[in-house]
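If you're matching positions, the sequence shown starts at 8 in my numbering and goes up one per residue.
No residue lacks a Cβ here, since even glycine has one placed at the ideal position from N, Cα and C.
Keep in mind that this is a model prediction, so the values were computed, not measured.
Some notes on the structure that comes next.
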Amino acid sequence: MDVKYINPFIEAFLSVMPQLGFEKVEKTNLSLKDCNLTYTGVIMTVGIVGEIKGNVVYYLDLESAKKVASTMMMGMPVNDFNEMAQSAISELANMLTANAATFFSNIGITVDISTPTLLYGDQVSVKMNSNQILCIQLLADDIPIDINIAFS
């Protein structure tokens, strides 16, 4: 996968997370995965269409999702992953992907994004649309967030 398809997601994360109240944001690791992802926790999927086509799958474990939702809601305690917390996490996926779309536009690549789909539970499986998935592991105030990217 071309690095020009990766950087917009990293730049979006580094740009958006501080705006939401996170003080320390960093990229920690890149890895390759196959098309079958299985996670226990919270998964948000967003489709990408236009000059490039594919999917982005964001992943957080459940406790991390609650912490992120709490920070997004200005420190309001999030004890249960209720509708308000789910909405916050869905909006995070929307904000990150929309910002990545803006960064794509800045390098001359036009894309549109779908509405995020949120899934959560134990051993949730997602099959991506490419055989090779790039996973960017990022931290926001030491909370790990995986961004899995697949372009066809």
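Would you check if the region 47–67 and the region 122–130 touch, i.e. whether three or more CB-CB distances between them fall below 8 angstroms?
yes
Reduced DSSP category for residue 13 - H, G, I as helix; E, B as strand; rest coil:
The three-state secondary structure of residue 13, taken from DSSP, is coil.
Compute the beta-carbon to beta-carbon distance between residue 72 and residue 96, rounded to the nearest angstrom, for a pair I have assumed lies under 8 angstroms.
5 angstroms
Once DSSP output is grouped into helix, strand and coil, what is the label at residue 104?
helix
For the pair the region 36–44 and the region 132–151, tell me if three or more CB-CB distances fall below 8 angstroms.
yes
Are the beta-carbon atoms belonging to residue 154 and residue 118 less than 8 angstroms from one another?
no
Which residues does DSSP list as the beta-bridge partners of residue 158?
Partner(s): 61.
DSSP state of residue 99, grouped into three classes?
It is helical.
Contact with chain B by residue 55, beta-carbon distance below 8 angstroms
The structure shown contains no chain B; it holds only a single protein chain.
Where residue 23 and residue 149 are concerned, what is the direct C-alpha to C-alpha distance, given to the nearest angstrom?
16 angstroms
Per DSSP, residue 51 forms a beta bridge with which residues?
65 and 125
Thinking just about the alpha-carbon of each residue, which of 146, 103, 104 and 61 is nearest to the one in residue 30?
146
Residue environment, residue 106, which counts as buried when at least 16 other CB atoms sit within 10 Å:
buried
Residue burial classification, residue 78 (beta-carbon count within 10 angstroms, cutoff 16)
Counting Cβ neighbours within 10 Å, residue 78 comes out buried, since at least 16 surround it.
Can you tell me where the beta strand (DSSP E) with residue 141 in it begins and where it stops?
140–147
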